[in-house]
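Trainee: Residue numbers for the sequence shown follow our numbering, beginning at 74 and rising by one.
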Amino acid sequence: MKPIDSAERDRLPGRRLGPDDTFRFRCHPGVSCFNRCCRNLNLFLYPYDVVRLKNCLGISSEEFLDRHVDVVLRDGSFFPDVLLQMADNAEKTCPFLTPEGCAVYPDRPDTCRTFPVEQGVVFGDDGRPREIVHFFRPPDFCRGQDSTRQWTPRTWERDQQAAVYHRMTARWAEVRGLFYRDPWGPGGMESPKGKMAFMATYNMDRFRDFVFHSSFLKRYRVPSRLARKARSSDAELLKIGFAWVKLYIWGIRSKEIMPRG
Ligand code: SF4
Ligand code: SF4
74 MKPIDSAERD RLPGRRLGPD DTFRFRCHPG VSCFNRCCRN LNLFLYPYDV VRLKNCLGIS
134 SEEFLDRHVD VVLRDGSFFP DVLLQMADNA EKTCPFLTPE GCAVYPDRPD TCRTFPVEQG
194 VVFGDDGRPR EIVHFFRPPD FCRGQDSTRQ WTPRTWERDQ QAAVYHRMTA RWAEVRGLFY
254 RDPWGPGGME SPKGKMAFMA TYNMDRFRDF VFHSSFLKRY RVPSRLARKA RSSDAELLKI
314 GFAWVKLYIW GIRSKEIMPR G
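1) So, using beta-carbon positions, are SER105 and ARG279 closer together than 8 Å?
2) Count Cβ pairs between the region 158 to 171 and the region 307 to 321 that sit closer than 8 Å; are there 3 or more?
3) Using a Cβ distance threshold of 8 Å, determine whether the region 275 to 291 contacts the region 212 to 232, with at least three qualifying pairs required.
4) Just the C-alpha distance for LEU90 and THR184, rounded to the nearest angstrom, thanks.
5) Reducing DSSP to helix, strand and coil, say where GLN218 ends up.
6) Does at least one heavy atom of ligand 2 sit under 7 Å from the Cβ of MET110?
7) Between the beta-carbon of LYS291 and the beta-carbon of ARG326, is there less than 8 Å?
8) Hey, could you find the ends of the beta strand (DSSP E) LEU156 is sitting in?
9) Comparing C-alpha positions only, which one of CYS100, VAL142, ILE132 sits nearest to PHE117?
10) Taking DSSP's pairing of strands, which residues face ASP143 in a bridge?
11) Give the range of the beta strand (DSSP E) segment to which ARG254 is assigned.
Below you can see the structure in the form of structure tokens.
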């Protein structure tokens with residue numbers, strides 16, 4: 074799910090799907106194109122994707138970022154994006170692709186889960202999310218679209234167990250959308266504040282250490298239930314991370330975190 078503005082929404086390729094519009098699709102190992110879509114991708118990973126993947130692989134967030142991603146800064150944006158590195162082979166396959174299919178299937182990223190539908194959040198002029206839009210856009214070679222099986226965006230989300238991903242990505246889009254303005258000044262993203270913001274959104278193991286083994290909880294009030302859950306849950310910790318970036322970088326308060334005193 075990516076942040077888009079209203080002008081971009083009307084230019085996006087694919088068929089726009091309203092809540093009750095249907096599309097036809099079914100993917101299974103018997104299709105002639107099986108696995109063809111899992112190669113040579115610009116696959117953006119959102120913070121919750123990283124949490125699920127690194128836990129699936131049994132490695133730390135730091136190891137995951139070191140081994141599997143490229144961090145890129147796109148024109149017009151003041152927060153980096155995280156891209157999954159494809160394997161170093163002729164076809165540039167996804168590193169999690171096996172002959173049998175996706176090796177991380179239960180924890181596959183939001184974009185793979187939602188495919189062949191793409192979701193976007195449209196932001197208003199006030200920088201707040203206004204609308205979620207869906208587009209059906211399978212590549213031409215995708216034979217899944219020959220199926221007679223019908224879905225709406227909602228039934229597809231349920232089938233793909235994507236609701237939690239969409240909720241977390243919508244939270245992220247709200248934070249990410251703020252970074253179309255430059256908060257950093259001359260130090261840029263490499264400033265200590267920039268590095269902290271990246272840690273609080275993409276490096277949950279480091280951020281947990283920071284929250285629970287520094288003066289963080291003396292300086293900020295986090296609801297006790299959320300703080301308790303965040304000790305063991307990366308997803309709950311990520312909610313604190315998002316709220317903290319909004320407060321620390323932009324001065325936006327939320328129920329998840331308040332400055333003390
Ligand atoms: S994570 Fe899985 S579904 Fe996504 S591109 Fe890689 S192999 Fe394909
Ligand atoms: S191209 Fe379409 S039908 Fe083929 S494997 Fe990918 S999603 Fe499935």
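Here a beta-carbon is modelled for each residue, glycine too, at the ideal position from N, C-alpha and C. Since this is a predicted model, take the numbers as computed values, not measurements.
Mentor: In this structure, then:
1) no
2) no
3) no
4) 17 Å
5) helix
6) The sequence as given places Cys at residue 110; Met does not occur at that position. Indeed, a heavy atom of ligand 2 lies less than 7 Å from the Cβ.
7) no
8) 154 to 157
9) VAL142
10) LEU156
11) Segment: none, ARG254 is in no beta strand (DSSP E) and carries neither H nor E.
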